Amino acid sequence: MTEPHDTTYRGPLAGIKVLDFSRILSGPYASMVLADLGAEIIKVEPIEKGDETRNFPPFKGGMSHYYIALNRCKKSIALDLKSPEGAQIARELAAQSDIVLENFRPGVMDRLGLGYDALKADNKGLIYCSITGFGKDSPHGDKPAFDIVAQALSGIMSVNCEPGQAPNKLGIPMGDMAGSIFSLFGLLAALHERNVTGQGRHVEIAMLDSLIALQGYLSQIYFVTGESPKPVGTQHPSIVPYGSFPTADGHVIVACLTERFWHNFARCLGRDDLIEDPRFALYEARLANRKELEPIIHERMTQDDTAYWLERLTEFDVPNAPILSIGDALSQEHVAAHGLIEEVSHPEIGTMKVVRGPIRFDGRGAGPASAPSLLGENTHEVLREALGYSEEKVDQLCRRSVIGGRTAVKDPL
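So the sequence shown is numbered by numbering that gives the first Met the number 0: it starts at 0 and just counts up by one.
Okay, here's the thing in structure tokens:
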């Protein structure tokens, strides 16, 4: 079993400072991955309610499940960015940061005096990342964009259903996640470039662009055939057999991506004759005769239960899997073996479980995770230690509601 984390190794991004203005999901996920890799994250939140997700039920000790999922290992400071003094604090923090991350609509940060052009004047090596729904030069640029909007416009929803059923969104917020994931590629590439040139860069990511980039072979099906791919449910548009197959008491996943796996599967079914049957011998033939082949498979597999088939498919080296619930997925041996779940403790909220990032170094994850901060929990600390503000000045800013802190911020509930 691998170790869940290394208590002495922070990660390859140790020493990198990130000023994170992003909220909800597209952006916070990216900064959390940067934290997993060792970066220091200072999350800037509005004074009164903070990141909107702090108020999304259900809660653990007053902290939202949504916020917990995306904001571990970060410091939280509460600022009024619309006040001159709050914006000045943000500029001072940006001047000593390596990365600034934001996901407002185009133009918002510029109006606050916190856009890329304004901040790079004091920090030529600043890498500034903007995640938006559509990008500033899109005809949709000024429209609000949430995950489901990006999924709908990307075409992904049109194929995410069983044939003949209504289009459906993906079960995970892939539009938001894709924006975060591609922003990480851009940020890490820009960090590498800065090591060579000393110059920063404005990295721009649109959620819609990111989802279209993830379409993979679906786009090429359209380019090659001139027709949009049709929904096939758990099946594959060009590989047969592939997908969910019924058993006597449920379903199992079978994926025959190669001819070898198809031959193994036919033997597993006790139907060696299918291998030589001209209707099913090759990829193209099986695809053309899907309606003839699948009833044969269904008839055989429904004679035995799921446990039988999982054992037999594995015996015959056929790619297979049970279809697990979220709870069962988190409880499986693989998760424990990789140390993907960690229990963290917060002095006010108590203990909570979090899912660690998947990136490992030399067989281990980087340093241990920490619980998400309460709103404004680290404001006073950051201003004193990072900017050298006196305790008196911090208290004055707090009394004037320029900043928030544990004594100045209302409980989000």
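Ideal Cβ positions, reconstructed from N, Cα and C, are used throughout, including at glycine.
Since we're looking at a predicted model, the values are computed, not measured.
Residue burial classification, residue i (beta-carbon count within 10 angstroms, cutoff 16)
| i | result |
| --- | --- |
| LEU412 | Legend: pLDDT at LEU412 = 35, less than 50; position of this residue unreliable, no value from coordinates given. |
| GLY364 | buried |
| GLU44 | buried |
| TYR216 | exposed |
| GLY114 | buried |
| VAL223 | exposed |
| GLU391 | exposed |
| ARG259 | exposed |
| LYS290 | exposed |
| ILE205 | The question names Ile, but residue 205 is Ala in the sequence shown. Counting Cβ neighbours within 10 Å, ALA205 comes out buried, since at least 16 surround it. |
| VAL202 | buried |
| LEU323 | exposed |
| MET0 | Residue confidence is low: MET0 scores 48 on pLDDT, short of 50, so the model does not pin down where it sits. Its coordinate-derived value is still stated next. Per the 10 Å Cβ criterion, exposed. |
| ASN70 | buried |
| ALA29 | buried |
| PRO371 | buried |
| VAL32 | buried |
| PHE244 | buried |
| GLY163 | exposed |
| VAL195 | exposed |
| ILE257 | Rather than Ile, the amino acid found at residue 257 in this sequence is Thr. It counts as exposed. |
Residue i - partner residues in DSSP beta bridges
| i | result |
| --- | --- |
| THR131 | ALA205 |
| PRO321 | VAL251 |
| LEU78 | ILE402 |
| VAL43 | ILE76 |
| ARG200 | ILE126 |
| PHE58 | SER63 |
| PRO245 | HIS250 |
Assigned secondary structure, residue i (DSSP; H/G/I helix, E/B strand, else coil)
| i | result |
| --- | --- |
| PRO240 | coil |
| GLU161 | coil |
| ASP19 | strand |
| ILE340 | strand |
| PHE279 | coil |
| PHE181 | helix |
| SER63 | strand |
| SER231 | It should be noted that the sequence gives Val, not Ser, for residue 231. Three-state DSSP puts VAL231 in coil, outside helix and strand. |
| ARG71 | coil |
| ASP35 | helix |
| GLU192 | helix |
| SER9 | In the sequence as presented, Ser is not what sits at residue 9; that position holds Arg. If DSSP states are grouped into helix, strand and coil, ARG9 belongs with coil. |
Pair within 9 Å by beta-carbon distance, residue i and residue j
| i | j | result |
| --- | --- | --- |
| LEU212 | ALA177 | The sequence shown places Ala at residue 212, rather than the Leu named in the question. Contact: yes. |
| SER179 | ILE238 | no |
| GLU91 | TYR127 | no |
| ALA86 | GLY49 | no |
| VAL381 | LYS74 | yes |
| LEU207 | PHE133 | yes |
| GLN95 | LYS42 | no |
| PRO27 | ASP35 | no |
| ARG383 | ALA368 | no |
Minimum Cβ-Cβ distance from residue i to chain D less than 9 Å
| i | result |
| --- | --- |
| ILE67 | Going by chain labels, chain D is absent from the structure shown, which holds only one protein chain. |
#### Entry: Runs of alpha helix (DSSP H) wholly within the segment 344-412 (minimum 4 residues, chain order)
378-384, 390-398
### Query
At what residue ranges does the segment 80-141 contain a whole run of the beta strand (DSSP E), taking only runs of 3 or more?
98-101, 126-131
### Query
Which ranges does the alpha helix (DSSP H) cover as unbroken runs of at least 4 residues, wholly within the segment 286-332, from first to last along the chain?
289-300, 305-314, 325-330
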